[in-house]
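Residue numbers (the numbering used here): 51 to 345.
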């Protein structure tokens with residue numbers, strides 16, 4: 051079974067190298083590095099020398115919450131979709147690390163081939179602010195302003211202004227029902243080809259989501275869930291994350307305390323890994339998964 055791993059990253063090149071080195075030749079890597087990243091040209095050239103790294107780009111400057119993250123994902127998806135031998139495509143970040151061995155991942159997907167692992171729920175979603183509808187019915191200017199700085203006041207003020215005057219955007223009619231969920235997924239090549247083809251045929255849809263907050267958590271989900279792929283979606287994405295505040299970090303940076311929870315889960319990948327906090331956990335996982343791979 052052939053896999054493509056799409057990685058959106060912005061820091062810690064050592065982690066990227068360790069991630070790539072963990073997998074065998076059945077796994078190809080397609081990597082986008084944020085244009086504003088401090089990862090050096092030398093680091094990028096080192097990545098490119100690895101046989102399983104097929105594509106590395108720094109096309110987009112990714113502001114948190116902006117559509118540029120979605121554009122980076124689509125760029126990687128288009129590149130990997132050129133290889134028709136790929137069976138499954140996994141979207142992760144540069145702060146992910148495997149929770150299963152390469153063999154375990156392949157074995158599971160062989161048994162469940164055709165299932166699309168995507169967490170997708172219909173909007174409104176109870177756990178999202180305003181059900182998530184505020185992300186799409188108002189213009190959210192994350193592409194223009196940096197929400198991680200004082201500029202976030204402009205984003206909030208512009209949304210509030212739209213609410214005051216009663217303005218709501220008209221959404222494209224091509225997607226009758228909206229769905230949302232985690233950005234990260236494990237999908238078959240046909241599913242990825244489907245959403246790429248859909249956006250090629252309906253460029254107005256991507257344009258309409260230009261000013262949507264975290265469009266990557268809604269658009270691709272909505273495309274697939276408004277198609278025949280809906281019946282194949284497992285509504286879980288095989289990822290492990292701790293949505294809690296730990297030591298002032300949210301979601302939590304993982305450490306040794308999380309080992310049992312990670313390895314007993316069905317997740318293929320876990321995040322966030324941050325060094326040195328996650329160093330011992332990573333080493334423990336490598337030993338454990340190397341043993342699993344040899345069984």
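The beta-carbon is built from N, C-alpha and C at its ideal position, and this holds for glycine as well.
Does DSSP put residue i in a helix, a strand or coil?
i           : result
residue 166 : strand
residue 328 : coil
residue 213 : helix
residue 107 : strand
residue 177 : coil
residue 290 : strand
residue 225 : coil
residue 296 : strand
residue 234 : coil
residue 119 : helix
residue 192 : coil
residue 88  : coil
residue 321 : coil
residue 283 : strand
residue 301 : coil
residue 78  : strand
residue 138 : strand
residue 57  : strand
residue 94  : helix
residue 73  : coil
residue 83  : strand
residue 143 : strand
residue 337 : helix
residue 185 : helix
residue 219 : coil
Apart from the five residues just before and just after residue i, which ones in its own chain have a Cβ nearer than 7 Å to its Cβ?
i           : result
residue 201 : 195
residue 221 : 186, 258
residue 164 : 238, 282
residue 315 : 149, 290
residue 317 : 149, 288, 289, 290
residue 100 : 70
residue 269 : 120, 259
Compute the beta-carbon to beta-carbon distance between residue i and residue j, rounded to the nearest angstrom, for a pair I have assumed lies under 8 Å.
i           : j           : result
residue 229 : residue 171 : 6 Å
residue 323 : residue 157 : About 24 Å; that fails the 8 Å criterion.
residue 130 : residue 56  : 6 Å
residue 265 : residue 120 : 5 Å
residue 159 : residue 138 : 5 Å
residue 123 : residue 106 : No, residue 123 and residue 106 are not in contact; Cβ-Cβ is about 15 Å, not under 8 Å.
residue 96  : residue 67  : 7 Å
Smallest Cα separation from residue i: which of the options?
i           : options            : result
residue 267 : 342, 314, 181      : 181
residue 188 : 213, 173, 179, 169 : 213
residue 292 : 319, 160, 283, 123 : 319
residue 301 : 321, 313, 282, 314 : 321
residue 232 : 125, 142, 55       : 142
residue 82  : 315, 312, 118, 216 : 118
residue 104 : 179, 218, 54       : 54
residue 192 : 115, 90, 52, 96    : 115
residue 252 : 224, 278, 134, 125 : 224
residue 65  : 326, 120, 334, 210 : 326
residue 278 : 166, 211, 177      : 166
residue 312 : 338, 298, 297, 299 : 338
residue 190 : 178, 176, 211      : 211
residue 80  : 334, 108, 90, 174  : 108
residue 304 : 288, 183, 334, 132 : 334
residue 162 : 72, 51, 308        : 51
residue 234 : 127, 176, 256      : 127
residue 227 : 173, 140, 255      : 173
residue 140 : 203, 102, 236      : 236
residue 309 : 328, 256, 297, 261 : 328
Less than 6 Å between C-beta atoms, sequence neighbours within five positions excluded: which residues of the same chain meet that for residue i?
i           : result
residue 248 : 273
residue 330 : 306
residue 218 : 187
residue 113 : 192, 196
residue 255 : 222, 224
residue 294 : 302
CB-CB under 8 Å to residue i, same chain, minus the five flanking residues each way: which ones, in chain order?
i           : result
residue 280 : 274
residue 342 : 150, 151, 153, 154
residue 125 : 82, 107, 109, 110
I want to see whether chain B comes within less than 7 Å of residue i, judged by CB atoms only; does it?
i           : result
residue 203 : As a matter of chain content, chain B is missing from the structure shown, which is built from one protein chain.
I'd like to know if the segment 147–167 and the segment 71–80 are in contact, where contact means that at least 3 CB-CB pairs between them fall below 8 Å. yes
Review point. Can you find at least 3 beta carbon pairs, one from the segment 265–275 and one from the segment 241–248, that sit closer than 8 Å?
Key: yes
Notebook entry, point to check: Taking contact to mean at least 3 C-beta pairs separated by less than 8 Å, is the segment 83–101 in contact with the segment 57–64?
Noted result: yes
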